[in-house]
Amino acid sequence: MLDPRTVRTEPDAVRASQTARGADPTVVDRYLDLDRSRREAIAAFEELRARQKQLGRRIGPAQGALKRADAADRDQLQREVDALLSEAAGLADEVKAAEARSAALQSELDEVALDLDNLVDPAAPVGGEEDFTVITEVGEARDFAAEGFEPRDHLELGSRLRAIDVERGAKVSGSRFFYLTGDGALLELALLNLAMSLATRNGLTPVIPPALVNPAAMAATGFLGQAAENVYHLQDDDMYLVGTAEVPLAGYHADEILPAEDLPLHYVGFSPCFRREAGSHGKDTRGIIRVHQFDKVEMFTYCDPADAVAEHDRLLSWEREFLDQLEIPYRVIDVATGDLGASAARKFDIEAWIPTQGRYREVTSTSNCTTFQSRRLNTRFRAADGTVAPVATLNGTLVAMPRVIVALLENHQDANGDVRVPAALQPFLGGREWLRAPQ
RNA sequence: GGAGGCGUCGCAUAGUCUGGUCUAGUGCGCCCGCCUGCUAAGCGGGUUGAGGUCUCAAAGCCUCUCGAGGGUUCAAAUCCCUCCGCCUCCGCCA
């Protein structure tokens, strides 16, 4: 949700931002029209309501006087009370009508406001999905030809190691489900522990949140908008399965005013993630690149909006630190305006090199949502001078398990199909240097 | 799943039975000022959030806000309904 004052005072900037995203800029004008009508309706209602209150305050005393009155005064007072009551009754109807009109315009405005995406950061590259800019490339893709063997893909490696089982996943749950077994299961736990130790060393607070949330939490994070078709909904209980820990971490401080001295707040949540993957039939059908359920470690920051850009860089640096430790080649891209998602002003993706695909694939993503998300969540902070204002929120992936496992297996395989364990991960795998197929 | 109790402006509490004098009182905490070698005490004032209006801005004025949403009424913290949360007891259960 944008600040209404921004739309009012800088409509051109909002239009330009919408255009950069490939979204509709004329929403701004519909918004401004409705906003004007709404404010007129509020003024009309409040004026009537004030009159009603003034009138109402005279009724009690008048009735009291009537009760105590002598017979002589009674008729006169009775007439006065009756007059007051009938005037108040008429006014009550007007108030009710004016209030209804004002409420109707408010909800219309709220509806239109949903079509206004966050203002893009001027630093973000303008364009569509393909117009990202590459910020940096780290590490080098192995030359398997020079090493004299053809790399196996993650599913082949995972099956050989008895680490990944998609057949039984499909048997029990359907396509896009999988089991991690043996070293596969241990590998996820090792990645989790490495991530958590890195996060706590950097001062983040670990959180294990609920993965099932109510409609308010889901809506406030914006996932019931265009992403709604990818969200699992439990009809009987009207609950949603989260697609990321961002949802419960964002909802954590909803409707709160945080003391400025507590900021920035850094959380790191570990949760299962559920995604329906509607509309991606036929895409990434092999292996565990795209699945309906996986586990993820997600960072979430609440901060003073003035610090948001610096905090965004911190999240990115923590993501990079993690991949550096896994010795996986990757590149960092600055996502283009057309591919940001409604909440983000700017987004950096880290893409790991996947040898058997011969290209980079997204493994983590970090977004600066500025105050867009917090306005809907109603999460604010009290500055030193006592003023209250929306906080900025940012999120970033530390580990999305399946994709990191894919990158790890493929990049660290040897000619036999065994997989080298990077040094940083060894302490979390009982000191083992290799994952080898069981006999 | 069943029965009962509770939810008030940071915290604690009054008000709800019996609707209007609640423009929500009081204590504590916090902030400002006075007083004072300093500190404490004492004295005075302030202290929810949102929206609207006015304004360069502020002050001011108005409306809403007593867990949430509806209803009754000229008028709701107060009466009625639904929902949410917490507590106690019973049942079931990892």
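Using numbering that gives the first Met the number 0, the final residue of the first sequence is 438, and nothing's skipped along the way.
Glycine is no exception: its CB is placed at the ideal position from the N, C-alpha and C atoms.
So, are the CB atoms of residue i and residue j less than 8 Å apart?
i, j, result
"PHE321", "LEU248", "no"
"ASP182", "LEU434", "yes"
"ARG50", "LEU90", "yes"
"CYS302", "SER342", "no"
"VAL246", "VAL212", "yes"
"THR363", "LEU393", "no"
"ASN377", "ALA253", "yes"
"ALA259", "ARG381", "yes"
"LEU54", "GLU86", "yes"
"LEU191", "PHE143", "no"
"ASP338", "ILE134", "no"
"LEU115", "VAL241", "no"
"PHE176", "HIS291", "yes"
"ALA244", "LEU397", "no"
"ARG48", "VAL94", "yes"
Which residues in the same chain have their Cβ closer than 6 Å to the Cβ of residue i, if we skip the five residues on either side of it in sequence?
i, result
"ARG358", "none"
"HIS311", "ASN367, LEU393"
"PRO209", "PRO247"
"ARG159", "GLY416, ALA436"
"LEU315", "PHE347, THR365"
Quick check: what's the CA-CA separation for residue i versus residue j?
i, j, result
"GLY138", "ASP323", "9 Å"
"PHE131", "THR386", "38 Å"
"LEU193", "TYR239", "29 Å"
"ALA218", "GLY224", "8 Å"
"VAL80", "GLU107", "40 Å"
"ALA15", "ARG275", "33 Å"
"ASP2", "TYR30", "12 Å"
"ASP261", "ARG379", "12 Å"
"HIS153", "ARG431", "20 Å"
"ALA227", "GLN438", "46 Å"
"ALA122", "PHE222", "25 Å"
"ILE353", "LEU118", "33 Å"
"PHE347", "THR220", "19 Å"
"ASP413", "ARG419", "8 Å"
"HIS232", "CYS272", "13 Å"
"PHE371", "LEU76", "58 Å"
"ILE439", "ALA351", "Not covered by the structure: residue 439. The range shown for the chain is 0 to 438."
"ARG374", "ALA388", "9 Å"
"ALA344", "ASP120", "5 Å"
"ARG167", "ILE207", "28 Å"
"ALA436", "GLN425", "17 Å"
"ILE163", "ASN229", "24 Å"
"GLU361", "ILE349", "6 Å"
"PRO421", "ALA189", "11 Å"
"SER174", "ALA216", "29 Å"
"GLN17", "MET0", "13 Å"
"GLY281", "GLN234", "27 Å"
"PRO214", "GLY250", "11 Å"
"ALA309", "ILE256", "22 Å"
"ALA71", "ALA88", "28 Å"
"ASP23", "ALA169", "41 Å"
Closest to residue i by C-alpha separation, out of the options, would be which residue?
i, options, result
"ASP32", "ASP294, PRO214, ALA112", "ALA112"
"LEU325", "ASN410, VAL308, PHE293, HIS291", "ASN410"
"THR355", "PHE148, GLU110, PRO60", "PHE148"
"ASP417", "THR336, ARG375, TRP317, LEU156", "LEU156"
"ALA440", "ALA383, GLU128, ARG319", "Nothing about residue 440 can be reported from this structure: the residues present for the chain run from 0 to 438 only."
"ALA391", "LEU115, LYS282, PRO304", "PRO304"
"ASP109", "ASP164, VAL26, PHE177", "VAL26"
"TRP317", "GLY173, ALA210, GLY395", "GLY395"
"PRO124", "ALA383, PHE427, ALA277, ALA19", "ALA19"
"LEU186", "ALA383, ASP294, LEU47", "ASP294"
"GLN105", "SER279, GLY21, GLU39, ALA70", "GLU39"
"ALA406", "ALA22, ARG4, GLY126, ARG141", "ARG141"
Going along the chain, which residues of its own chain have a beta-carbon closer than 7 Å to the beta-carbon of residue i, five neighbours each way excluded?
i, result
"ALA184", "none"
"GLU136", "ARG330"
"ASN201", "TRP317"
"ASP306", "PRO263"
"ARG151", "GLN412, GLY416"
Just to confirm my understanding: we take residue i, look at its own chain, exclude 5 residues before and 5 after, and list those with CB closer than 8 Å. What are they?
i, result
"THR204", "LEU264, HIS265, TYR266, VAL267"
"LEU83", "LEU54, ARG57, ILE58, ALA61"
"ALA64", "LEU76"
"MET195", "PRO205, VAL267, PHE269, VAL296"
"SER279", "ARG289"
Practice item. Please determine if the region 392-407 and the region 282-297 are in contact, where contact requires at least 3 C-beta pairs separated by less than 8 Å. Key: Touching, yes, given that three or more Cβ pairs across the two stretches are closer than 8 Å.
Practice item. Spell out a yes or no on whether the region 41-56 and the region 95-103 are touching, meaning 3 or more CB-CB pairs, one atom from each, closer than 8 Å. Key: These segments touch.
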